[in-house]
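In the working numbering, the protein residues as written are 3 to 337. Shown next, in structure tokens, is the structure this report addresses.
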Ligand SMILES: [Zn+2]
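Below you can see the structure in the form of structure tokens.
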């Protein structure tokens, strides 16, 4: 646990009504389930939970992603078991609204279909939590059976949106803009990972080509002030994961104190904070709040604003949004 807080601040963070809008199901795999599946391989806590651990590259991260978690996600039932623990943990940390994604091509390797996976994840949501589920895919997944699966997922009623993830440095292919456009026409919300391993140019490209208004990470937007201005002017939200960025040694993030979320927030960019892949970073959402307070000088009121940003962009009815923000306002008055 890299960040801890005194009991007053711990209570503040736990009781602050908040959101988690950047959380990968596979990367959040509960360690206890892996241990149950293979007690020998998972006997010890993984080295990457150490505070000082840094991934050598995103390729190394991807390789371990395959090694550690692929073996677990073999059925809808397994997704349901994982979701039950992951979402209960979010709820215990004060999350009222969660957006999670699963890696769509995993479906190609299991007997269950996509709607069965969606049902399993959805039915694991605790009462009182709003859950939205996204299908994530890589830049080069639109081929062979993957192409049919991507087309098919646009018709799944239980799917709330799609997200582009995986290595950013793999070229953006021409199918993506077309699929993203048709997804929106089919009532799906669209997001994209950008500005993590590629610079501000790639953030601009995703805004231009994919017409997204939510960027996952986006922290390297700070490399171009024109991109930062654009994010503000166009009301684009960045779903930022500070501890993930530090452990993956993203350019410009040599330490938490150097994280550009302070600069982005001060420039008026709408940011949320999230845990990304807690299994691979050994982090929790509460620690993201502790880190911003301790290393980046975010006050309690500024953290209330960060939480409010999550409710601003939540995919809920206006009456539900008013309810969540009312809860947040009542809490903020007690500070
Ligand atoms: Zn992510």
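From the three backbone atoms N, C-alpha and C, an ideal C-beta is built for every residue, glycine too. In this text, all values refer to a predicted model and were calculated from it rather than measured experimentally.
If I'm right that residue i touches residue j with Cβ under 8 Å, what's the distance once you round it to whole angstroms?
i, j, result
"residue 88", "residue 127", "Not a contact, Cβ separation roughly 10 Å."
"residue 298", "residue 305", "The pair is not a contact, with the Cβ atoms about 10 Å apart (cut-off 8 Å)."
"residue 327", "residue 132", "Actually they are not in contact, since the Cβ atoms of residue 327 and residue 132 sit about 13 Å apart, beyond 8 Å."
"residue 143", "residue 169", "Contact doesn't hold; Cβ gap of about 12 Å is too wide."
"residue 276", "residue 241", "6 Å"
"residue 255", "residue 247", "5 Å"
"residue 190", "residue 159", "Incorrect: roughly 11 Å between the Cβ atoms, too far for contact."
"residue 174", "residue 148", "Actually they do not touch by this definition, with Cβ atoms about 16 Å apart."
"residue 311", "residue 274", "5 Å"
"residue 281", "residue 71", "7 Å"
"residue 182", "residue 212", "5 Å"
"residue 19", "residue 330", "5 Å"
"residue 216", "residue 202", "That pair is no contact at about 17 Å."
"residue 230", "residue 269", "5 Å"
Return the residue from the list the options that minimises the CA-CA distance to residue i.
i, options, result
"residue 192", "227, 28, 36, 102", "102"
"residue 196", "224, 177, 190, 180", "224"
"residue 271", "287, 249, 235, 290", "235"
"residue 98", "241, 256, 17, 291", "17"
"residue 374", "337, 288, 336", "Residue 374 cannot be examined here, being either before or after the span of the chain that is shown, 3 to 337."
"residue 82", "65, 135, 130, 150", "135"
"residue 140", "209, 171, 205", "171"
"residue 73", "44, 265, 313", "44"
"residue 214", "286, 179, 121", "179"
"residue 67", "278, 7, 329, 257", "278"
"residue 334", "319, 303, 314", "303"
"residue 84", "38, 46, 262", "38"
"residue 219", "184, 261, 63", "261"
"residue 156", "137, 145, 6", "137"
"residue 7", "317, 227, 291", "291"
"residue 198", "211, 244, 186", "244"
"residue 64", "329, 4, 105, 208", "105"
"residue 186", "153, 280, 40, 130", "153"
"residue 283", "93, 209, 50", "50"
"residue 233", "184, 316, 209", "209"
"residue 176", "332, 92, 145", "145"
"residue 92", "120, 129, 61, 228", "129"
"residue 5", "40, 53, 269", "53"
Among all the DSSP beta bridges, which residues are the ones paired with residue i?
i, result
"residue 5", "Answer is none; residue 5 lacks a bridge partner."
"residue 55", "BP columns for residue 55 are empty, so no partner."
"residue 163", "136, 191"
"residue 28", "DSSP output for residue 28 lists no bridge partner at all."
"residue 102", "25, 135"
"residue 20", "97"
Tell me whether residue i counts as near ligand 3, meaning its Cβ is closer than 6 Å to at least one heavy atom of that ligand.
i, result
"residue 241", "The model on display carries ligand 1 but not ligand 3."
Counting contacts by CB-CB distance shorter than 7 Å, is residue i in contact with chain B?
i, result
"residue 133", "This model lacks chain B altogether, as it is built from one protein chain only."
Segment contact, 8 Å Cβ cut-off, at least three pairs: the segment 67 to 80 with the segment 102 to 119: yes
Three-pair Cβ contact test at 8 Å for the segment 17 to 25 versus the segment 54 to 63: no
Contained alpha helix (DSSP H) runs [length at least 4] in the segment 165 to 235, N- to C-terminal order: 177 to 187, 202 to 207, 227 to 235
Residue ranges of each beta strand (DSSP E) within the segment 116 to 146, 3 or longer: 132 to 140
Runs of alpha helix (DSSP H) wholly within the segment 225 to 302 (minimum 4 residues, chain order): 227 to 235, 244 to 249, 263 to 268, 280 to 283, 287 to 298
Uninterrupted alpha helix (DSSP H) stretches inside the segment 60 to 99 (no shorter than 4 residues): 60 to 71, 78 to 94
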